[in-house]
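Reviewing the structure listed below.
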Amino acid sequence: MEPSLKKIVYIGSLFLVLLIMVPLTKYVAAQNLSDIILFITTISLANISCLLHIFIYKKIETKAKYNDYSQRNIIFASTVVFLELNGISYTIQKKENKEQFSFSVNWKKKDAATEQLRAIFCSLCIHNFKGITPTQQTKWAIQNDWEENLETNLTIEEKKRLWKKQSKSLQFHFKNNKKTVNQIHKFIQKNSNSEMIKNFVEELVKKK
811 MEPSLKKIVY IGSLFLVLLI MVPLTKYVAA QNLSDIILFI TTISLANISC
861 LLHIFIYKKI ETKAKYNDYS QRNIIFASTV VFLELNGISY TIQKKENKEQ
911 FSFSVNWKKK DAATEQLRAI FCSLCIHNFK GITPTQQTKW AIQNDWEENL
961 ETNLTIEEKK RLWKKQSKSL QFHFKNNKKT VNQIHKFIQK NSNSEMIKNF
1011 VEELVKKK
């Protein structure tokens, strides 16, 4: 999670807890309680507020980390599936920091048009994968990847039309391989061997 987003989540979760606990504290204070009981109750509510805030923040942070990790995995999985479908040779490299991303894929670019379609295919997969919400950063990265492979200068409207046209042309391949991308996504969460992953991908695509 980005530092700026972390700050927003932290403040937001704190504000949510305050919305719940402030009225509750006022209600308790309005009751006819002895000073000692009121003191103990107030301290208890303050502790509950702190614990609730930490719980909500950690829950959101964990979910955000999983979402980021899953996005990178889906982009990886959709990339290797696309390369396999187009007969493009590639290598898989394991990264040391598993919290960031376990694997990356390297390949020799075929041509600009194919690279554009690869970016579109990744976009279709990441936007239609259940349980994952693509971040703005991920959307921009895919968009930039696609635009970098445009051979001519296009207007914004021309880019939109081309994106839509290419997305439509890949709908069949996306629907036919959506399950494969999902299987690879699950597989790489349990396996850390690059060769095993490559063999798994090749076998899945061959069955299509």
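Under this note's numbering, the final residue of the sequence shown carries the number 1018; numbering is consecutive throughout. No residue lacks a Cβ here, since even glycine has one placed at the ideal position from N, Cα and C.
Excluding five sequence positions before and after Asn1001, the CB atoms of its chain that fall closer than 7 Å to its own CB belong to Ile1007, given in chain order. For Thr945, no beta strand (DSSP E) run applies, since DSSP gives it neither H nor E. Shown here, Lys904 sits in a strand according to DSSP, grouped into three states.
In this structure, the beta-carbon distance from Ile942 to Asn877 falls below 8 Å. Ser914 carries a strand assignment under DSSP once its states are collapsed to helix, strand and coil. Straight across, the Cα-Cα distance linking Lys918 with Ala887 is about 17 Å. Secondary structure note for Asn883: its alpha helix (DSSP H) is the uninterrupted segment Asp845 to Leu895. In the three-state DSSP reduction, Asn1009 falls in the helix class (H, G or I). With a cutoff of 8 Å on beta-carbon distance, Leu834 and Leu861 are scored as not near each other. Counting C-beta atoms within 10 angstroms of its own C-beta, Thr962 has fewer than 16 neighbours from the protein chains shown and is therefore classed as exposed. Taking all protein chains in view, the Cβ of Asn1009 is surrounded by fewer than 16 other Cβ atoms within 10 Å, so the residue is classified as exposed.
Fewer than three Cβ pairs drawn from the segment 897-904 and the segment 935-953 lie within less than 8 Å of each other, which leaves the two stretches out of contact.
In this structure, the CA atom of Lys985 is about 19 Å from the CA atom of Gly897. For the pair of segments examined, the segment 946-962 was found to touch the segment 928-935: the number of CB pairs separated by less than 8 Å reaches three. Shown here, Ser823 sits in a helix according to DSSP, grouped into three states.
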